[in-house]
Amino acid sequence: MYKNRLSTYFIIIVVSIIFLGAFIRHSQAEDTKGLAIEELMRKAERVRTLIKEKEAVGIGITKALKLDMESRIAAEKGDLDLAGRLLDDAIKSLTEMSDKGKLERSDKYPLKNPDFEKGDRSTRNTIDGWIDLEKIGFSTSDRTASYLWDNEIAHAGKGSAKIIKTSPTGDAGLTQEISELKVGKWYQASVWIKTVDILPTVVFDSLQSGVNMSIVCFIRGVPTPVFFKTFPIQMTQDWREEKIVFVAPEESERISVLLGAQAVTGTVWFDDVSIVSVPPPDISKTASIDRDSLNKYGGLKHIKGKKTGFFHVEEIHNRWWLIDPEGNGFIVVGVSLANIDQVGSDLYKNNLPKYYKSAEEWVEKTSRRLKEWGFNTVIQSDPALSKLFVYEDAIGPRSAISVPVTDASHPNPNRFPDIFDEKFKQSLDKEAATVTKIQKDNPRLLGYFLGNELPWSGNPLKRQELFDIYFSLPSDRPGKKAVINFLINRYANNVKAFKTVWGTKINKFEELLTYTEINGGIKDRTRIQLDKSAFLRFVADTFFEMHYSIIRKYDTNHMILGVRFVGNIAPSEVLEAMDKYVDVVCFQPYDAVAPIELFERSWHYHKKPILITEFGFKAMDSGLPNTKGPGYTFKTQKERGLWYERYIFRLIESPLIIGWVWYQYVDQPASGRTADGENNNFGLLNIEDQPYFDLVNRMKEIHSKIYPSLLNSIK
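Sequential numbering of the sequence shown, starting at -16, is according to the working numbering.
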């Protein structure tokens, strides 16, 4: 569906032109038809030229590409008129992008020496315009890192910035303040990166360690800066361009670019940094939805898919859609934790008797509120609301907490199960049988989540990846036996080959059962990292295959929604493994602006539509501490609404997105939730049941324009 590489576009266009050329040779005797084909050739060449121009400025061209492919099919069938009309539509689509899609540089370029053409190799860190983290007193800077101007390796021109990092701890990076940016305006930042042996040493749940570019925005009166980050790169790769779209926040005191290497060892080169303005994603002028256009589920009658009686996904008009039970297109606009009993606090529940005579009255008013504000889905919410909205259920590791592999030292309270333990499989089967007995014929159920924010990346406090955690288990644990058998199979029972890589002195693999970690002599860190990566893929494949086969044994009607990944990325090994077993991939990104570049990168591994199952913003005027938990804090409820608008407008630009869920319905307590201490203004209303009208009114307006905007994009 989604193509991200220019070479792919060119191949398709060239194949089209070759085919048309062959068709011309076959039809030379027919003058009229020959003229028509010549005209098709001209149009196809025009489409190719326009696609090249649009790719050069980073504009999506999916629609035009699809029209070109349809034109080729029409030409193959001999329908030259249709082929010509389709190419005309492609040209029109690409031409219309021109004015609104141009990237423009500021009158004064916002960076000094962005192409690293100026530097001096004779002394440390003499790269004009850039300063390293140690010199600015960055608290976690790696003082052993080397910063060099390299005039032998460059993406273009005669120089690049080179960072050599040998210490496994701390951060290394080059930074400079960006000038000439206008608050509230949108920009695209890009950089070319080359790496050699970038190996992670500390693993993060929300963001894997690696090298990337960050845009860091310091806002007046706001305690923490806002970050926009490109995808973190590891291992060895040739020059590759990374991009991120960001908006300059209101009241920004300063905005900087940071080219960083976080918690890795290895060598990285940066070159050709670019900051250019881009048109803002904007649907504010779109007409609001006509309620008669929606069915009882909130589905859009204009989008027609298969009527199966249950929710599923389809690709229609170059984008992914949920299809509701009546066969209409559906986008999740959801909220989580709409409950009387709030997680970790009774304050909201204790206040409700002031306003409601019964739980039924609360359900009626909450339902009316959510529908008025434009929500159509509830997640982890009151069972009575699930009869009135689209909702979900869960089948997963919560049932097997008796056999976790992660322990209480892990910062993530969601334990990872020992999936090789037969107890886990038995308890999973029991839970699936119970849940599906209730849900399998329910048309309002979207599907089943398989787990929330599981620590696929390991334990950052102990610097353990999932391989290390399984390996540290006692010898009698099924997970420990599984990791040893994995190594035996991976090395074809060749102990000598294993010892060469891992530096250990064992005589046979079975001796590893008594080890809790592998210590030894000289190690091949790159090969070890590949072994750990392969084990993670093995664990993920086992996990998802087990869930898939058990759930499908009891319920073939509903989707499998995968796991809810913490943050905006997930290990590629996990994404690749789950592709065969899930219908949807879910992320929980608390970014300031939807990071669709990262979602699109992940799509190359899993080829599934994406659902955002958790995100939110906080405000200082709520009076809550906002000190524990994810997400950015802004000053006012009005700003929360503004950033929600920016997030959603950006989100729906991607054809991969099938919806989002706001976290959460009610504020957390000022004293903190009992389990984790979270104390944030995430709510649509406070614990006195009073809505934040500056927020919800903005949401209501935005939600009314979602479907019309999507319809406009496919016309």
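The C-beta atom is built at its ideal place from N, Cα and C for all residues, glycine as well.
Leaving aside the five residues that flank T499 on each side, the residues in its chain whose CB is nearer than 6 Å to its CB run, in chain order, S455. For N551, the number of other beta carbons within 10 angstroms of its own is at least 16, and it is reported as buried. Separation of S276 and H541 (C-alpha to C-alpha, rounded to the nearest whole angstrom) is 25 Å. Under a 10 Å Cβ-count criterion, I227 is classified as buried, with 16 or more other Cβ atoms of the shown protein chains found around its own Cβ.
Measuring C-alpha to C-alpha distances from E236 to each of Y648, I697, F201 identifies F201 as the nearest. Counting along the chain, no beta strand (DSSP E) covers Y498, and no H or E run does either.
In this chain, L164 is not harboured by any alpha helix (DSSP H), its DSSP state being neither H nor E. The region 332 to 348 makes no contact with the region 300 to 315: fewer than 3 CB pairs, one atom from each, lie closer than 8 Å.
Its chain contains S458 as the residues whose beta carbon lies nearer than 8 Å to that of T497, once the 5 sequence neighbours on both sides are disregarded; these appear in chain order.
Shown here, Y374 sits in a strand according to DSSP, grouped into three states. Looking at the DSSP output, G642 bridges to V315. Along the region 445 to 518, the beta strand (DSSP E) does not occur as any fully enclosed run of 3 or more residues. For N195, the enclosing beta strand (DSSP E) stretches over residues 193 to 202.
Excluding five sequence positions before and after I467, the CB atoms of its chain that fall closer than 8 Å to its own CB belong to F492, E493, L495, L496, given in chain order.
Using a 10 angstroms sphere on the CB of V230, the tally of other CB atoms reaches 16 or more, which defines it as buried. In the three-state reduction of the DSSP assignment, D566 falls in the coil class. Here P264 is not bridged, per DSSP, to any residue. The residues A602, D604, Y675, D677, L678, in chain order, have a CB closer than 7 Å to that of Q620 in the same chain once the five nearest residues on each side in sequence are set aside. In terms of Cα proximity to L581, the closest of I299, I640, R510, G327 is I640.
Beta-bridge partners assigned by DSSP to W132: A144. Residue S54 holds the alpha-carbon nearest to the alpha-carbon of D72 among A58, S54, G61. The C-alpha of R629 lies about 29 Å from the C-alpha of A244. Using a 10 angstroms sphere on the CB of H587, the tally of other CB atoms stays under 16, which defines it as exposed. Counting every other CB atom within 10 Å of its CB across the protein chains shown gives G61 a total below 16, marking it as exposed. Shortest Cα-Cα distance from I198 to any of Y474, E225, T178 involves E225. When DSSP states are grouped into helix, strand and coil, P400 belongs to the strand group.
For A244, the enclosing beta strand (DSSP E) stretches over residues 235 to 245. Rounded to the nearest angstrom, the gap between the Cα atoms of Y627 and V179 is 39 Å. Per DSSP, Q651 lies in no alpha helix (DSSP H) and is assigned neither H nor E.
For V576, there is no enclosing alpha helix (DSSP H), since its DSSP letter is neither H nor E. Residue Q171 holds the alpha-carbon nearest to the alpha-carbon of V259 among N359, Q171, E233. R29 and I697 have their C-alpha atoms roughly 21 Å apart. A straight line joining the alpha-carbon of I471 with that of G504 spans about 20 Å. P183 carries a strand assignment under DSSP once its states are collapsed to helix, strand and coil. Two segments are said to touch when three or more pairs of C-beta atoms, one from each, lie closer than 8 Å; by this definition the region 526 to 533 touches the region 556 to 571.
Buried is the label assigned to V194, since at least 16 other Cβ atoms lie within 10 Å of its Cβ.
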